[in-house]
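Worksheet: the structure to be examined is printed underneath.
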Amino acid sequence: QSSVTMWGIVDVNVQHFKAEGNGSVNAIGNGSLSTSQLGFRGSEDLGGGLRANFWLEGSINPDNGTGRTTNLNNQPSGTGTAPAGTQGFLFDRRAYVGLSSNYGELRLGHDFVPTHYNSISFDPFNANGVARAGNFTFSGSSNGSLSTTITASNSVGYLLPTNLGGVYGQVMYAAGENQSSVANPDDGTLFSGRLGWTNGKFDVAAAASHTLFAKTATIGSFTHQNVGASYNFGFAKLFALYNRVNVDVLAGSVRKQSWELGATIPAGPGPGRVRVTYANLNDVSGSKLLNANGSARSGNDANMWGLGYVYDLSKRTALYATYASISNKGGATYAVSGGPAPIAAGTSTGIEAGVRTSF
Amino acid sequence: QSSVTMWGIVDVNVQHFKAEGNGSVNAIGNGSLSTSQLGFRGSEDLGGGLRANFWLEGSINPDNGTGRTTNLNNQPSGTGTAPAGTQGFLFDRRAYVGLSSNYGELRLGHDFVPTHYNSISFDPFNANGVARAGNFTFSGSSNGSLSTTITASNSVGYLLPTNLGGVYGQVMYAAGENQSSVANPDDGTLFSGRLGWTNGKFDVAAAASHTLFAKTATIGSFTHQNVGASYNFGFAKLFALYNRVNVDVLAGSVRKQSWELGATIPAGPGPGRVRVTYANLNDVSGSKLLNANGSARSGNDANMWGLGYVYDLSKRTALYATYASISNKGGATYAVSGGPAPIAAGTSTGIEAGVRTSF
Amino acid sequence: QSSVTMWGIVDVNVQHFKAEGNGSVNAIGNGSLSTSQLGFRGSEDLGGGLRANFWLEGSINPDNGTGRTTNLNNQPSGTGTAPAGTQGFLFDRRAYVGLSSNYGELRLGHDFVPTHYNSISFDPFNANGVARAGNFTFSGSSNGSLSTTITASNSVGYLLPTNLGGVYGQVMYAAGENQSSVANPDDGTLFSGRLGWTNGKFDVAAAASHTLFAKTATIGSFTHQNVGASYNFGFAKLFALYNRVNVDVLAGSVRKQSWELGATIPAGPGPGRVRVTYANLNDVSGSKLLNANGSARSGNDANMWGLGYVYDLSKRTALYATYASISNKGGATYAVSGGPAPIAAGTSTGIEAGVRTSF
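Chains as they are written, first to last, in the working numbering: chain F, 4 to 362; chain L, 4 to 362; chain S, 4 to 362.
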């Protein structure tokens, strides 16, 4: 009667962070090689190539047992913070039902936005841990919560079929679900798309997401564009990723451009690989956008380098260790994932070592 | 070692609502053919016809990934609202352990109240979606939260055995769990029962629930009575349901009487069925119960009609579409499920189309 | 692909409590024979005796469908209360990943503190229900929330291998995860260890936990030490447990010493056992620690006796009933688990009868 696949990942590590001007932290963190998660999925053959699919996937924090929040309406008002220690498990990653055939796949529900797939695929750290490229792109950097950076609720998605000679792609629409009688009824409406091509060794994709928000001092329509590529030379796999993030606030356009170059290199005593990354963030915000001390926001640049090693104990289980360091300039306070923010123009570093198993 | 059955339903749809005087909403909703859910249940044979049973079943909202709330003590104080986007998955539908034998079944825990089974069985829309009969009976209509309309916590239930020649029935007691030293220690105490008979084609049942609450301006002892019947003619299945809801508040008795007639008619290109319903609500509240503008509450009547189609892609998966329209009178502001409330005496309409799969 | 074991326990009962001076309560409770829970665990053979293990286990309250809270940082600030009826399911009991071999087991995540294993093993009521020894040791008794009494987050644990001729033991470190720049960066840091020996019939273990907290009026560094033993004579199994709890607050040391003697005695019509316990609490707090009325806290003594019966319907399913009574002295207000607190020097009693099944 039941044709469901349950799966999960439990990834916990030991971490040490330094935030210039703000001390250090010892922590037990999680999800730095792969996001800790629990999920249920299935697919039913309806005949004639048609399938019904469902997917329910939520994050877990095994260092303390909690789940993670989602966003109800793709707007800052759609998410809050539960009282400490009370956040239950929910399906914050993916929750959808859909149909698929030779003509592609339709999904209805909560899903990753197309641009996020580039953030995962073209980062040697797969968007997880202290050295992720997302340290520069996931952060709203004090210009409003960018609700639709990773996932969107109330979405309709279409994915191209998998038989197009390596061409892949998808589009997504997501509703803000505001009553038409409110002030800004289009807030939280998202349009997103992605198109890529791979031949197995070479992989390239471009994506863009646009979410509507009425312009305020801290938020406004949000555009995220990225293009990435990877090439597997065998002795190493190289990654490149370029991101543009724009937020149109009242004082002008917050604009962040970042690029990352990285590699994974099979190496070491056994089935392991070195991971290395260098990323640069160039803030090109409008000249009227100022830091609290009056300096131009466009000076808030930063760069990051990261180095790690993954040792596969099996297909499912691995040990890993990663180090990353971010150097900020101007008023920038970017921090490695999980670490506290440094003072303006300060350095943020993090080191972590952990175990990841999956089932 | 493990003898558990896991099951679930994922049902997501595209919706458009109009609420006269209050604009419209485009939304991605869920659970309009079948409530989206995830559950775990099992039954152990203890010998001699005795079985131990457990059931854990919770709602999910796959359009955004959240779960739904429950009520701890069958009183308004027993439920709240989690910060947006933080509601974790929990077992808000059913969570019980029990024993069953040829003499019936005992259940201890959280369960549906007996009257709710009539709301499901004798509505062609099975108490889900824009056209459900519950649009008139589940709503407290500004006269207090009716905590025990659907489920009750802290319950002891007994169900008749299934070998009584078509006779079925159940009784439930649920505790409010108040300390005897508080002002109204019986608040939240529920008594409920249901008795029915079916021969396969014909099905009829009557039920009543009574929950104790001390009388205030907005709440008081709550009685829900309903009787329903269905007959399957083959070419169509007809449904009839009558509900009486009474709430004894300080100013008098809020009294709502509603009836519904409906049908499901196998039809169409393939394994599908038309669903149609007409419902009428007559408010017969005491003459001292007034609307905000001074008019009598007893004029707050309404009627609804609904039309839908379900197309079965398989036993587990279906496509569906439904339209419903509610016309209010007097101060009534009833709305189709999921839609915003119209102004007094306004019209509420909703249309939805979706996919439901189960596992 | 999936090698996970899912398991659970559903235990619900009918309860009646009396709290001298504060009335009585009728309730439907849960988890009084075994904590109601749902879990997912697995173990992967990595070759050479090495295994990767994961464990995800959370409490459930089947009487109302909710989950239970955890603590994020082993400090009072790390846990709160969700709005009524909204507490989702999460992994508040255990959530870890680890490796094991002939040299022992490493665990990273959220886990029971070593002292808690003595609370379970050497109590004939296994730390559950109205007659548990924990009525005296789990309670902070108005001297601060003792966040690390049962579980700790952000932990690294090591367990001795199971091939040491009956010797067993474990150590745990848990991080408070405070930034070094805050006032008391070591708050919430836990050190704990346990060492025991068993030959099957005889079992003895000692454990100690120490958690750092800066001294305030209501909290300070917390030490819990316990030693327990059990002997299975066949016709009865005897249990003894001694606990010392110290909390160093500004006015001095809150010190509670308690001992318990108990037994389980196979008896009755069928596969059942009587459970009996007597426990005594001696408060030996510093002389400057006073009750609200000015009397010395060191007079806040109490004793408890409990009697119960468990009838096994199968290996997985049991019926049970338990009675317990606590007599308080001085300003003590200890209550049986789940019951309301009596007035100072008052009596607390509880009786419960329920069903427990597991899968």
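We put the beta carbon where it would ideally sit given N, CA and C, even for glycine.
Beta-carbon proximity check, residue i vs residue j, cutoff 8 Å
| i | j | result |
| --- | --- | --- |
| Asn77 of chain S | Thr214 of chain S | yes |
| Asn138 of chain L | Ser37 of chain L | no |
| Ile354 of chain L | Ala178 of chain F | no |
| Val159 of chain S | Tyr171 of chain S | no |
| Phe362 of chain S | Ser6 of chain L | yes |
| Leu310 of chain F | Tyr323 of chain F | no |
| Gly255 of chain F | Leu292 of chain F | yes |
| Ser298 of chain S | Ser290 of chain S | no |
| Gly91 of chain S | Gly70 of chain F | yes |
| Val435 of chain S | Ile222 of chain S | Past the boundaries of the shown model lies residue 435 of chain S; chain S is included only from 4 to 362, so the question cannot be answered. |
| Arg110 of chain S | Tyr120 of chain S | no |
| Tyr234 of chain L | Leu241 of chain L | yes |
Which of helix, strand or coil DSSP assigns to residue i
| i | result |
| --- | --- |
| Phe205 of chain L | strand |
| Pro117 of chain S | helix |
| Ser39 of chain L | coil |
| Arg300 of chain L | helix |
| Pro269 of chain L | strand |
| Ser124 of chain L | helix |
| Ser330 of chain F | strand |
| Ser80 of chain S | helix |
| Asn16 of chain L | strand |
| Ser5 of chain F | Residue placement at Ser5 of chain F cannot be trusted, given a pLDDT of 47 that sits under 50; what the coordinates show is reported in the next sentence. Coil, per DSSP. |
| Val252 of chain F | strand |
| Ser261 of chain L | strand |
Any chain F beta carbon closer than 8 Å to residue i
| i | result |
| --- | --- |
| Gln173 of chain S | no |
| Asn74 of chain S | yes |
| Gln90 of chain L | yes |
| Gln182 of chain S | yes |
| Thr82 of chain S | yes |
| Phe362 of chain L | yes |
| Asp66 of chain S | no |
| Tyr106 of chain S | no |
| Val100 of chain S | yes |
Terminal residues of the beta strand (DSSP E) in which residue i lies
| i | result |
| --- | --- |
| Asn138 of chain L | Here Asn138 of chain L belongs to no beta strand (DSSP E); instead the alpha helix (DSSP H) covers Gly137 to Thr140. |
| Ile31 of chain L | Ser27 to Asn33 |
| Tyr381 of chain F | The structure shown has nothing for residue 381 of chain F, since chain F only spans 4 to 362. |
| Ile63 of chain F | Leu53 to Asn64 |
| Ala2 of chain L | What is shown of chain L runs 4 to 362, which leaves residue 2 of chain L out entirely. |
| Tyr312 of chain L | Ala305 to Asp315 |
| Asp95 of chain F | Note, Asp95 of chain F: premise wrong, no beta strand (DSSP E); not H, not E. |
| Arg319 of chain S | Run containing Arg319 of chain S: none; DSSP gives neither H nor E here. |
| Val287 of chain S | Looking at the DSSP string, Val287 of chain S is not in any beta strand (DSSP E), and its letter there is neither H nor E. |
| Ile354 of chain F | Thr350 to Ser361 |
Chain S within 8 Å of residue i, Cβ atoms only
| i | result |
| --- | --- |
| Pro188 of chain F | no |
| Leu316 of chain F | yes |
| Ser6 of chain L | yes |
| Gly112 of chain L | yes |
| Glu47 of chain L | yes |
| Asn16 of chain L | no |
| Ser298 of chain L | no |
| Asn365 of chain L | The question about residue 365 of chain L has no answer here: the residues shown for chain L are numbered 4 through 362. |
Check: residue i C-beta below 7 Å from any heavy atom of the ligand NAD
| i | result |
| --- | --- |
| Gly45 of chain S | What this structure holds is no ligand at all, so the ligand NAD is not there to describe. |
Which listed residue (the options) has its alpha carbon closest to that of residue i
| i | options | result |
| --- | --- | --- |
| Glu47 of chain F | F:Ser103, F:Gln173, F:Asn187 and F:Gly255 | F:Ser103 |
| Asn157 of chain L | L:Thr165, L:Gly81, L:Ser290 and L:Leu241 | L:Gly81 |
| Gly265 of chain S | S:Gly275, S:Ala282, S:Ser256 and S:Val257 | S:Ala282 |
| Ser288 of chain S | S:Gly26, S:Asp304, S:Val28 and S:Val339 | S:Asp304 |
| Asn306 of chain S | S:Leu59, S:Asn331 and S:Tyr312 | S:Asn331 |
| Gly68 of chain L | F:Gly101, F:Asp114 and F:Gly68 | F:Asp114 |
| Leu193 of chain F | F:Phe205, F:Gly203 and F:Ala211 | F:Ala211 |
Any chain L beta carbon closer than 8 Å to residue i
| i | result |
| --- | --- |
| Leu215 of chain F | no |
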